[in-house]
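Numbering of the sequence shown is given in our numbering, commencing with residue 150 and proceeding in unit increments. Cβ atoms here follow ideal geometry from the backbone N, Cα and C, with glycine treated the same way.
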Amino acid sequence: MKPSVVMYNTIIDSLCKDKLIARALDLYSEMVVRGISPDIFTYSSLMYGLCIVGRLKEATDLLSDMVMKNIDPNIYTFNTLVDAFFKEGRVKEAKRLLSVMIKGGVKPDVVTYSSLMDGYCLVNEVSKGKHVFNSMPQMGVTPNVKSYNIMINGFCKLKMMDEAMQLFKEMHHENMIPDSVTYNSLIDGLCKSGRISHAWKLLDEMHDRGQPADVITYTSLLDALCKNQQLDEAFALLKKIEDRGIQPDVYTYTVLIRGLCNVGRVETAKEVFEHFFIKGYHPDVWICNVMIWGLCKEDSFDQALALKSKMEENHCLPDAVTFETILRALLEKNKYEDAEKLLSEMIARGLL
C-alpha cells in the first residue's frame with residue numbers, strides 16, 4: 150500500500166514535536182520524490198519543529214515555498230512563526246509577518262495577540278504590550294488567562310506591582326480564574342519588590358482558592374527570606390515544602406546556598422551542597438558557581454579548585470564565571486602564581 154499524505158504527516162508531526170528535525174525533513178524530501186504533495190499540515194508541523202530549535206530562516210523559507218505552491222497558510226502557521234520571532238526578540242520580523250498575515254486575509258486571534266504582547270514584554274516594552282492588550286476587545290478578541298498572565302508577568306519583571314495587581318483584580322472582575330502562573334508571577338514580583346507580607350497573603354489566597362503552590366512559588370518566598378537574612382525561616386520553609394511532598398529543584402538549593410554564603414555561613418552552605426548530592430540531584434553550573442563563590446569568600450581556594458574539578462566529573466563544565474570567580478579571589482590575595490595557572494587553563498579552554 151502506498152503511504153498517504155496523512156501517514157507522512159502523522160510521523161513528521163511526531164518527529165517535529167520530539168525535535169528530530171533532520172529525520173522529519175528527510176521524510177518531507179521522500180514525500181516529494183514519491184510524488185506525494187505536502188499539504189498545510191505537513192508545512193505547519195515542519196515550521197513548528199524548525200521554530201522550536203531556532204531555525205527560523207528555514208521555517209520562513211518553507212512559508213515562501215507554501216505560498217509558491219498555492220497552499221494558503223492558516224492562523225496556526227502564522228502564529229507559530231510570529232511567536233518564534235517574538236521569543237527571539239526579533240520584533241521587526243514578527244511585525245512584518247503580522248502584516249503579511251493580515252494582508253492575506255488571516256484574522257489575528259487571541260494566540261497572535263498574546264505572542265505580540267509577550268514579544269514586547271520580553272524586550273521590556275511593557276507599555277506597548279499593554280496597548281495591544283487594551284486594543285484586543287476592539288478587534289473582537291477577548292483576552293484569556295494566558296493574555297493576562299503575559300501582562301502580569303511583564304509588569305512583575307519590571308517591579309511595576311501596582312499595575313500587575315490591578316490586572317489581577319480585573320481578572321476577578323471578569324470572572325477569570327487565575328492559575329499557578331498568575332500567582333507565581335505576582336508572588337515573585339512582590340518578593341523582589343520587598344512586599345513580602347503581600348506575597349504571603351497571596352499564598353494564603355492560593356490555598357483558599359484550591360490552587361496548589363508549587364516549587365516555583367516556594368522558591369520565590371525562600372529567596373526573599375534569604376535576601377532578608379532570615380535563614381532559619383528559610384530552612385523551616387524548605388522542610389515544610391518537603392513535608393508537603395514538593396521536591397525542591399536545583400534553583401531552590403542554589404537560592405539557599407547563596408543566602409548562606411552571603412551571611413558567612415559557608416560551612417552550613419557546604420552541608421546543604423553535600424545534602425544536594427546525597428539526594429541524587431545533578432548539579433548545574435549555577436549552583437557550583439555559587440558554592441565556589443562562597444568558598445572563595447572564605448579564602449578556601451583549594452576547596453574551590455577541587456569543586457571546579459568535581460564539576461567535570463559530574464559532566465557539568467565550568468564556564469567563564471567559574472574561572473573568573475576563583476581568579477578574582479586569587480588576585481585579591483596576591484596569589485599571582487595560582488592565578489596565572491588558572492588564566493592559562495582558561496585560555497586553553499577558549500573561555501577568554
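task: Measure the beta-carbon distance from Ile160 to Ile189 and round it to whole angstroms, keeping in mind my assumption that it falls under 8 angstroms.
output: Indexing the sequence shown from 1 puts residue 160 at position 11. Indexing the sequence shown from 1 puts residue 189 at position 40. Not really, about 17 angstroms apart at Cβ, beyond 8 angstroms.
Original post:
When the Cα atoms are used, what is the spatial distance from Glu486 to Leu476?
Top reply: In the sequence shown, residue 486 corresponds to position 337, counting from 1. In the sequence shown, residue 476 corresponds to position 327, counting from 1. Spanning the two alpha carbons is a distance of roughly 11 angstroms.
Could you check which residue in Cys410, Glu416, Asp398 has the C-alpha nearest to that of His431? As a position in the sequence shown, residue 431 is number 282, starting the count at 1. Residue Asp398 is the option with its Cα nearest to His431.
- Just to confirm, are Ile345 and Asn377 a CB contact at a threshold of 9 angstroms? One-based indexing of the sequence shown puts residue 345 at position 196. One-based indexing of the sequence shown puts residue 377 at position 228. Contact: yes.
Can you tell me which of the three DSSP states Ala385 falls into?
Along the sequence shown, one-based indexing puts residue 385 at 236. Of the three classes helix, strand and coil, the one that applies to Ala385 here is helix, per DSSP.
task: Find the nearest neighbour of Ala383 within the set Met288, Leu230, Leu409, judged by alpha-carbon distance.
output: Numbered from its first residue, the sequence shown carries residue 383 at position 234. Of Met288, Leu230, Leu409, the residue nearest in Cα terms is Leu409.
On the three-state DSSP scale, how would you describe Ser329?
For the purposes of this step, residue 329 is taken as the residue at position 180 of the sequence shown. Helix.
Give the range of the alpha helix (DSSP H) segment to which Met288 is assigned. Indexing the sequence shown from 1 puts residue 288 at position 139. Per DSSP, Met288 belongs to no alpha helix (DSSP H) and is neither H nor E.
Worksheet item: Taking all protein chains shown into account, do 16 or more other C-beta atoms lie within 10 angstroms of the C-beta of Leu466, making it buried, or fewer, making it exposed?
Response: For the purposes of this step, residue 466 is taken as residue 317 along the sequence shown, with counting starting at 1. Flag for Leu466 reads exposed.
**Q.** Bounding residues of the alpha helix (DSSP H) (the contiguous stretch that carries Ser213)
**A.** If you number the sequence shown from 1, residue 213 lands on position 64. Annotation: the continuous alpha helix (DSSP H) that includes Ser213 extends over 205 to 217.
From Met150 to Met156, what does the alpha carbon distance come to, in whole angstroms? Residue mapping note: residue 150 aligns to position 1 of the sequence shown, counting from 1. Residue mapping note: residue 156 aligns to position 7 of the sequence shown, counting from 1. At Met150 the pLDDT is 49, less than 50, meaning the model places this residue with poor confidence; the figure from the coordinates comes in the next sentence. One C-alpha to the other measures close to 11 angstroms.
Inset, instruction - Identify whether Met196 lies in helix, strand or coil by the three-state DSSP scheme. - result: Here residue 196 corresponds to residue number 47 of the sequence shown, with the count starting at 1. In this structure, Met196 counts as helix in the three-state DSSP scheme.
Report task. Might you give, ordered along the chain, the residues of its own chain that have their beta carbon closer than 6 angstroms to the beta carbon of Asp372, omitting 5 neighbours on each side? Result -> Your numbering for residue 372 matches position 223 in the sequence shown. Closer than 6 angstroms at the Cβ level, and outside the excluded window around Asp372, lie Val404.
Worksheet entry | Given Lys482 as reference, the closest of Glu462, Ala362, Ser449 once Cα atoms are compared | By one-based count along the sequence shown, residue 482 stands at place 333. With distances taken between Cα atoms, Lys482 lies closest to Ser449.
Original post:
Run through DSSP, which three-state label would Met266 get?
Top reply: Against the sequence shown, residue 266 aligns to sequence position 117. Met266 carries a helical assignment under DSSP once its states are collapsed to helix, strand and coil.
Problem set entry | Any 3 or more C-beta pairs closer than 8 angstroms across the region 237 to 252 and the region 281 to 291 | Not touching, per the Cβ criterion.
Give the secondary structure of Lys350 by DSSP, where H, G and I count as helix, E and B as strand, and everything else as coil. To locate residue 350, count along the sequence shown from 1; it is residue 201. DSSP places Lys350 in helix when its eight states are reduced to three.
Neighbour-count burial assignment, Ala348, 16 or more Cβ in a 10 Å radius:
Residue numbering aside, residue 348 sits at position 199 when the sequence shown is read from its first letter. That one is buried.
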